[in-house]
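Here's the structure we're looking at; comments come further down.
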Amino acid sequence: MENQTKVVLLGTGTPNPVPERSGPCVAIVVGENSYLVDFGPGVVRQAEKANRKGIKALEAKNLKRAFLTHLHSDHTAGYSDLILTPWVLEREEPLKVFGPKGIKQMTNHLLEAYKVDIDARRYGGEKANETGIKVDVEEVFEGIIYSDEKVIVEAFRVNHPPFEAYGYKFITPDKVVVVSGDTTPCENLIKHAKGCNILVHEVYSATGINSRTPKWYNYHTTVHTSSVELGEIASQVNPELLVLYHQLFMVGENESGEMLSIAEREQEMIMEIKQKFDGEVISAKDLDIF
């Protein structure tokens, strides 16, 4: 199908520099169009890996639209790469970026930081084009924020203090896909995601969190969603497929005092979710395609 929707997990990681997991980025691909949610470290190279798997919409010069959930560094550290590298590789259209208040300021600072490089490429021997380096930025509010012939995109507020944070709903010809971004359990997400085909949601291990120091225990439990909480959310949303990303496994002891590997913790998280949700659950890895 020309407009068949694919969800590509370009990055499923956290701030922890795990080599197998790049920074958060979810690509919604509809035909020849791609739409990125977040741009964590490694975004362009991960997109190129997907391109080499046959997803041409993720070739660097085709990275033209991005939607930022919030301004945390692990979700934005690949932004300069997304602005610059596809342009160097002859992207001609301006990059369209949608995100919370502050994304315009970040964009302007990055363009200024790379001004020497940009000018050298424009006016030096490369004679780079004048348009592909431009960034059209919109600071979003709740509601429909973007549409084209392939997709309608709706932004909705989620809860990730102290940030202004959004989730995104993509309505395509054949699917409804919702990406949570970082959030605590959130009634607004449940309302907007209800009945979707694919829910991509962040998660931390409800059991593993007990091994964290008080500082990190308090942090994660007040700004993120546990596996047990996600099971309750999924039972209300009832997606056809629940995809876990931005997973914080926290390898350590289980309730019986046994040491668990990442794979074992991952299975434990899925079982905790399935206490409340009997649908399909997949814990994603980088470059998984759904």
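The opening residue of the sequence shown carries number 1 in the UniProt record's numbering; numbering runs sequentially from there. All residues carry an ideal CB built from backbone N, CA and C; glycine is no exception.
Problem - Beta-carbon proximity of Gly11 to Gly54, cut-off 9 angstroms - result: By 1-based counting over the sequence shown, the position of residue 11 is 11. By 1-based counting over the sequence shown, the position of residue 54 is 54. Not in contact: Gly11 and Gly54 (Cβ atoms no closer than 9 angstroms).
Practice task
Compute the beta-carbon to beta-carbon distance between Tyr204 and Met250, rounded to the nearest angstrom, for a pair I have assumed lies under 8 angstroms.
Solution key: For the purposes of this step, residue 204 is taken as the residue at position 204 of the sequence shown. For the purposes of this step, residue 250 is taken as the residue at position 250 of the sequence shown. With a Cβ gap of about 7 angstroms, Tyr204 and Met250 count as contacting.
Handout entry: Three-way DSSP call (helix, strand, coil) for Lys6 in this model
Key = As a first step, residue 6 must be located in the sequence shown, where it is residue number 6. Assigned with DSSP and collapsed to three states, Lys6 falls in strand.
Exercise for the section: Tell me where the beta strand (DSSP E) around residue 296 begins and ends. Expected result: Limits of the chain in this structure are 1 at one end and 290 at the other, which puts residue 296 out of reach.
Problem - Opening and closing residue of the beta strand (DSSP E) in which Ala66 lies - result: For the purposes of this step, residue 66 is identified with residue 66 of the sequence shown, where counting begins at 1. In the DSSP assignment, Ala66 falls within the unbroken beta strand (DSSP E) covering 65-67.
Problem - Nearest-angstrom Cβ-Cβ length linking Leu242 and Gly195, presumed shorter than 8 angstroms - result: The residue given as residue 242 occupies position 242 in the sequence shown. The residue given as residue 195 occupies position 195 in the sequence shown. The C-beta distance from Leu242 to Gly195 rounds to 13 angstroms, too long to fall under 8 angstroms, and the pair is not in contact.
Practice task
Decide if Lys217 is buried, meaning its Cβ has at least 16 other Cβ atoms within 10 Å, or exposed.
Solution key: In the sequence shown, residue 217 corresponds to position 217, counting from 1. It should be pointed out that residue 217 corresponds to Tyr in this sequence rather than to Lys. Exposed is the label assigned to Tyr217, since fewer than 16 other Cβ atoms lie within 10 Å of its Cβ.
Handout entry: Beta-carbon contacts of Pro24 that lie in its chain and below 6 angstroms, excluding the five residues immediately before and after
Key = Reading the sequence shown from its first residue, position 24 is the one you call residue 24. The residues are Gly11, Asp38, Gly40, His75, His246.
Handout entry: Alpha-carbon spacing of Arg91 relative to Arg52, whole angstroms
Key = Taking the sequence shown and counting its residues from 1, the one referred to as residue 91 is at position 91. Taking the sequence shown and counting its residues from 1, the one referred to as residue 52 is at position 52. The straight-line gap from Cα to Cα measures roughly 18 angstroms.
Exercise for the section: Under 7 angstroms Cβ to Cβ from Ile152, same chain only, skipping five residues before and after it: list those, please. Expected result: Position 152 of the sequence shown, counted from the first residue, corresponds to residue 152. Apart from sequence neighbours up to five positions away, the residues of its chain that approach Ile152 with a beta-carbon distance below 7 angstroms are Ile144, Ile171, ordered along the chain.
Handout entry: Test item: CB-CB of Ile282 and Pro239 under 9 angstroms
Key = The residue given as residue 282 occupies position 282 in the sequence shown. The residue given as residue 239 occupies position 239 in the sequence shown. Going by C-beta atoms, Ile282 is not nearer than 9 angstroms to Pro239.
Practice task
Would you list, in sequence order, the uninterrupted beta strand (DSSP E) runs of no fewer than 3 residues that lie entirely inside the stretch 216-256?
Solution key: Within the stretch 216-256, the complete beta strand (DSSP E) runs of at least 3 residues are 241-248.
Handout entry: Burial state of Lys115, where buried means 16 or more other Cβ atoms lie within 10 Å
Key = Taking the first residue of the sequence shown as 1, we reach residue 115 at position 115. Using a 10 angstroms sphere on the CB of Lys115, the tally of other CB atoms stays under 16, which defines it as exposed.
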